[in-house]
Each structure stands twice: as C-alpha cells, then as structure tokens.
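Note sheet for the following structure.
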Amino acid sequence: MVFDSHTHLFGHGHVAGAMRAACQRAWGEEQELLALPEDHWESVKDVEGAIVLAFAAPATGTVVPNKYIAEYVSKQPGRLFGFASVDPNNQLAPSLLENAIKEYNLSGLKLGPMYQNFYPDDKKHFALYAKADELNIPILIHQGTSFVPEGYLDASRPAALDPIAREFPDLKIVIAHMGHPWVGECISVVRKNTNMYMDLSALGGRPWQFYNAMVLAMEYRVTHKILLGSDFPFFTIQQTIDSLRNINSVAEGTSMPKIPEEIIEDIIHRNTPEILGLIK
Ligand SMILES: [Zn+2]
C-alpha cells in the first residue's frame with residue numbers, strides 16, 4: 035500500500051492573519067493559500083488512502099474547521115481519515131476534541147505548537163492528551179520550525195514531547211517533517227519512545243537536509259518509524275516518492291553513506307493505518 039499520512043485542505047478564508055502574511059512574504063504571491071476538496075481528490079487518486087488535517091490555530095491565523103474536513107472525508111470512509119484539531123489554549127479543548135471525534139467520526143488529533151502558540155509540555159495541556167488517549171486516537175504534531183514571526187519557536191523543540199510520551203505510553207504521537215530542522219532531536223525522542231513516530235513530509239524540498247535526516251535515522255536504526263507523507267498542497271505524493279527514491283543523488287560520486295533501496299521502499303509501502311490504529 036501507498037498511504038499519504040500528511041495532507042491538508044485549505045478552503046476560502048481558512049488561512050488569514052499572520053499566516054497569510056507570512057505565506058505572501060515567503061512566496062511573493064498575492065493569491066490565497068488554497069487546497070480545495072477537488073484538488074485534494076485529484077492528489078489522492080493514485081494512493082490507497084490519506085490523512086486529511088483540520089487545524090485550529092487562531093493565534094497565527096489558520097482555522098480549518100473539523101466539520102469541513104469531516105464532510106470531505108465522509109465521501110470515502112476507510113480510505114480518507116480526517117484528523118480533528120482543537121486550540122489547546124481553549125480550556126474546553128478536551129471536550130471539544132471528544133465532540134469532534136464522536137460527532138464527526140474523525141480519526142486523530144492535529145496539533146502545532148508553533149502555530150497554536152502553546153507549550154506542549156505544560157502540565158495544563160495534559161488533560162487534552164489524556165482525552166486523546168481515552169478516545170484511542172493518534173496525535174500528529176508539527177514539532178519543528180516555521181516561517182510565521184508570531185509563532186512560538188521556543189515551543190517547537192521535539193524533546194518537549196518526551197514527558198508526554200512517557201506519561202501516555204499507549205498514545206501514538208507522530209512528529210511531522212521529522213522535526214525539521216531538529217532532526218537529531220526528533221530521532222532521539224522517537225527512538226526512545228515506542229509510541230512515537232515521525233513523517234518525512236515536505237523534506238524533499240531540501241535535498242541535503244533530507245539526505246542527512248535519512249542517514250541519521252538509518253544510523254540510529256529508526257527508519258521503521260518513518261511514515262510517508264506529502265504535506266499536500268505544498269508537495270504531491272508523487273514528488274515525495276520521487277525525492278525519496280532520488281535521496282542518494284547528493285552523495286553520488288562520493289564515499290558518503292547511501293540509503294539502501296530496501297529502506298526506501300519500506301517507507302513508501304508503510305502501512306500507516308495499521309501502525310496508527312486508524313481502522314477500528
Ligand atoms: Zn502540514
């Protein structure tokens with residue numbers, strides 16, 4: 035199977051404020067960041083399934099509602115899995131999560147401290163993780179950098195998740211983008227906690243970093259915990275697979291390590307729904 039574990043929908047008006055301004059500065063584009071259902075549908079036609087992410091990040095301007103995701107994924111249950119998102123700064127976050135999961139039949143929780151401006155290791159947020167644990171759903175967390183000036187960079191270090199992984203050993207936690215640029219820190223926290231994983235989405239855009247991340251994962255023997263993901267609409271799954279199969283090109287003609295084809299193909303064919311327990 036080929037499964038895309040990290041994709042977005044962005045409807046009209048969902049990306050605003052600081053995030054929209056940062057996108058325009060980064061890419062010099064005036065148009066809105068969009069990933070409409072019809073675009074997404076096209077992007078997943080060649081894969082067996084995908085995770086589609088809501089996002090409640092009012093602190094930096096992005097709000098992709100749970101209902102919007104739920105309506106889309108309900109077209110193909112068992113193939114498209116929607117992840118809810120709630121704002122951890124909202125005191126009602128645990129009950130909002132429970133409602134979203136039960137009412138909308140969603141399959142996980144998406145968080146991003148760098149966009150939601152919360153410190154994930156603060157004990158006051160542990161009730162939210164306890165709720166995810168109770169609901170038996172995984173968390174996909176963007177625990178890495180971003181370009182939004184208003185975001186809390188000091189809340190985004192992968193090691194901050196270690197106390198959560200230890201407190202909730204059955205709660206599955208996936209670190210997006212292998213914690214870039216803190217790939218080594220991400221690998222160290224994922225390696226020691228049996229309930230933690232990482233996705234390689236968006237790394238193909240930086241071939242040198244991607245190559246180094248893969249070599250490091252190989253040396254620490256954690257490549258079996260890497261999930262395939264595109265970060266659509268920023269990359270397609272085909273671009274992601276191509277950049278993974280091409281990973282050794284930066285080392286060509288040198289004596290630097292090569293990532294064996296077997297490791298690459300294992301990642302491409304990883305059974306993420308089974309690993310994360312998405313099919314109940
Ligand atoms: Zn993403």
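Add 34 to a position in the sequence shown, counting from 1, and you land on the number used in this note's numbering.
Every residue, glycine too, gets a C-beta built ideally from N, C-alpha and C.
Kindly say whether residue i, judged by its beta-carbon, lies nearer than 8 Å to any beta-carbon of chain C.
i, result
"residue 122", "Here there is only one protein chain, and chain C is not present."
Count the other CB atoms within 10 Å of the CB of residue i; is the residue buried (16 or more) or exposed (fewer)?
i, result
"residue 228", "exposed"
"residue 216", "buried"
"residue 150", "buried"
"residue 157", "exposed"
"residue 167", "buried"
"residue 112", "exposed"
"residue 152", "buried"
Measuring from the CB of residue i, is there a heavy atom of ligand 1 at a distance below 7 Å?
i, result
"residue 39", "no"
"residue 265", "yes"
"residue 42", "yes"
"residue 129", "no"
"residue 210", "yes"
"residue 235", "yes"
According to DSSP, simplified to helix, strand and coil, what is residue i?
i, result
"residue 283", "helix"
"residue 148", "helix"
"residue 288", "coil"
"residue 39", "strand"
"residue 69", "strand"
"residue 262", "coil"
Check the C-beta distance from residue i over to residue j and give it rounded, since I have them as a contact under 8 Å.
i, j, result
"residue 302", "residue 262", "6 Å"
"residue 84", "residue 155", "Incorrect: roughly 30 Å between the Cβ atoms, too far for contact."
"residue 143", "residue 118", "6 Å"
"residue 102", "residue 45", "6 Å"
Spell out the partners DSSP gives residue i in its beta bridges.
i, result
"residue 208", "174, 231"
"residue 198", "None, per the DSSP bridge assignment."
"residue 143", "118, 173"
"residue 218", "Looking at the DSSP assignment, residue 218 forms no beta bridge with any residue, so it has no partner."
"residue 83", "37"
"residue 96", "49, 91"
"residue 244", "Note: residue 244 sits in no beta bridge, so no partner."
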